[in-house]
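Position 71 of the sequence shown, counting from 1, maps to 71 under the UniProt record's numbering, and the rest follow consecutively.
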Amino acid sequence: MAPHRQGNKSGAFPVHIIYLVSGKREYFTTGAIVFPEQYDNGEITALATSIGRKKYGLKIYEIPSREDAKRDNDAIMAVIKEIRRIEDRYRLDGKQ
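And the structure:
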(Lines of atoms letter the chains of each structure in order from A and count residues from 1; the text may use other names and numbers.)
(Lines give C-alpha, C1' and ligand atoms only; values in the text may rest on other atoms or scores of the structure.)
Protein backbone atom coordinates (compact mmCIF):
# COMPACT_ATOMS: atom_id res chain seq x y z
CA MET A 1 0.00 0.00 0.00
CA ALA A 2 1.40 3.40 -0.88
CA PRO A 3 0.25 6.98 -1.16
CA HIS A 4 0.05 8.18 -4.75
CA ARG A 5 2.66 10.69 -5.95
CA GLN A 6 0.32 13.58 -6.74
CA GLY A 7 -1.88 15.19 -4.13
CA ASN A 8 -5.12 17.11 -4.47
CA LYS A 9 -5.60 20.85 -3.86
CA SER A 10 -5.71 20.44 -0.09
CA GLY A 11 -2.43 18.46 0.00
CA ALA A 12 -3.96 15.01 0.56
CA PHE A 13 -3.00 11.99 -1.53
CA PRO A 14 -5.01 8.94 -2.68
CA VAL A 15 -3.78 5.58 -1.37
CA HIS A 16 -3.23 2.81 -3.91
CA ILE A 17 -2.46 -0.86 -3.46
CA ILE A 18 0.27 -1.94 -5.86
CA TYR A 19 0.62 -5.62 -6.79
CA LEU A 20 1.90 -7.81 -9.63
CA VAL A 21 -0.22 -9.87 -12.01
CA SER A 22 1.79 -12.05 -14.41
CA GLY A 23 4.80 -9.81 -13.82
CA LYS A 24 2.85 -6.65 -14.63
CA ARG A 25 2.42 -3.94 -11.99
CA GLU A 26 -1.22 -3.19 -11.18
CA TYR A 27 -2.60 -0.28 -9.15
CA PHE A 28 -5.84 -0.45 -7.20
CA THR A 29 -7.37 2.76 -5.86
CA THR A 30 -8.58 2.15 -2.31
CA GLY A 31 -10.72 5.26 -2.04
CA ALA A 32 -8.72 6.50 0.96
CA ILE A 33 -7.28 10.01 0.67
CA VAL A 34 -4.71 10.94 3.32
CA PHE A 35 -2.23 13.64 4.22
CA PRO A 36 1.45 12.57 4.22
CA GLU A 37 1.64 12.95 8.02
CA GLN A 38 -1.14 10.37 8.39
CA TYR A 39 0.78 7.60 6.64
CA ASP A 40 3.00 5.69 9.06
CA ASN A 41 4.67 2.35 8.22
CA GLY A 42 1.83 1.16 6.02
CA GLU A 43 -0.95 2.32 8.29
CA ILE A 44 -3.14 5.41 8.27
CA THR A 45 -3.34 7.42 11.51
CA ALA A 46 -5.37 10.43 12.63
CA LEU A 47 -4.01 13.84 11.61
CA ALA A 48 -2.83 16.06 14.45
CA THR A 49 -5.08 19.08 14.84
CA SER A 50 -2.13 21.50 14.85
CA ILE A 51 -0.80 20.12 11.55
CA GLY A 52 -4.24 20.11 9.94
CA ARG A 53 -4.94 23.71 10.89
CA LYS A 54 -1.50 25.29 10.43
CA LYS A 55 -0.04 23.39 7.49
CA TYR A 56 -3.19 22.63 5.48
CA GLY A 57 -5.59 25.34 6.65
CA LEU A 58 -8.28 22.81 7.53
CA LYS A 59 -11.26 23.64 9.67
CA ILE A 60 -11.56 21.52 12.81
CA TYR A 61 -14.38 19.41 11.29
CA GLU A 62 -12.28 18.70 8.17
CA ILE A 63 -9.36 17.14 10.06
CA PRO A 64 -9.30 13.32 9.71
CA SER A 65 -10.04 11.65 13.05
CA ARG A 66 -9.08 8.29 14.55
CA GLU A 67 -12.44 6.94 13.41
CA ASP A 68 -11.72 8.09 9.84
CA ALA A 69 -8.29 6.43 9.99
CA LYS A 70 -9.74 3.19 11.35
CA ARG A 71 -12.41 3.12 8.64
CA ASP A 72 -9.78 3.67 5.91
CA ASN A 73 -7.46 1.01 7.37
CA ASP A 74 -10.32 -1.49 7.64
CA ALA A 75 -11.36 -0.87 4.02
CA ILE A 76 -7.78 -1.24 2.79
CA MET A 77 -7.23 -4.43 4.78
CA ALA A 78 -10.45 -5.87 3.31
CA VAL A 79 -9.11 -5.23 -0.21
CA ILE A 80 -5.75 -6.81 0.66
CA LYS A 81 -7.52 -9.83 2.19
CA GLU A 82 -9.60 -10.25 -0.98
CA ILE A 83 -6.51 -10.04 -3.20
CA ARG A 84 -4.81 -12.73 -1.07
CA ARG A 85 -7.92 -14.90 -1.27
CA ILE A 86 -7.87 -14.64 -5.08
CA GLU A 87 -4.13 -15.44 -5.14
CA ASP A 88 -4.72 -18.54 -2.99
CA ARG A 89 -7.54 -19.66 -5.28
CA TYR A 90 -5.28 -19.31 -8.35
CA ARG A 91 -2.55 -21.35 -6.64
CA LEU A 92 -5.00 -24.09 -5.67
CA ASP A 93 -6.28 -24.18 -9.26
CA GLY A 94 -2.69 -24.57 -10.52
CA LYS A 95 -2.60 -21.16 -12.20
CA GLN A 96 0.33 -18.84 -11.58
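Every residue, glycine too, gets a C-beta built ideally from N, C-alpha and C.
Name the one or two DSSP bridge partners that residue i has.
| i | result |
| --- | --- |
| L20 | R25 |
Among the options, whose alpha-carbon lies nearest the alpha-carbon of residue i?
| i | options | result |
| --- | --- | --- |
| residue 97 | R89, I86, G94 and E82 | Beyond the ends of the chain as shown, which are 1 and 96, falls residue 97; an answer cannot be given. |
| I60 | G52, R66 and E67 | G52 |
| A69 | E37, Y27 and R25 | E37 |
| D40 | L92, N73, N8 and R91 | N73 |
| F13 | V21, K54 and P64 | P64 |
| E67 | R85, A32, Y56 and S10 | A32 |
| Y90 | G11, V21, L58 and S10 | V21 |
| K9 | L58, E26 and K95 | L58 |
With burial defined as no fewer than 16 other Cβ atoms inside 10 Å of the residue's Cβ, what is the status of residue i: buried or exposed?
| i | result |
| --- | --- |
| V34 | buried |
| G23 | exposed |
| L47 | buried |
| I44 | buried |
Item to complete: Please list the segments of the beta strand (DSSP E) lying wholly inside the UniProt domain "Arm DNA-binding" (6 to 95), counting only runs of 3 or more residues, in order along the chain.
Response: 13 to 21 and 24 to 34
Practice prompt. Examine the Cβ distances between the stretch 69 to 88 and the stretch 16 to 23 and report whether three or more of them are shorter than 8 Å.
Written response: Verdict: yes, contact present.
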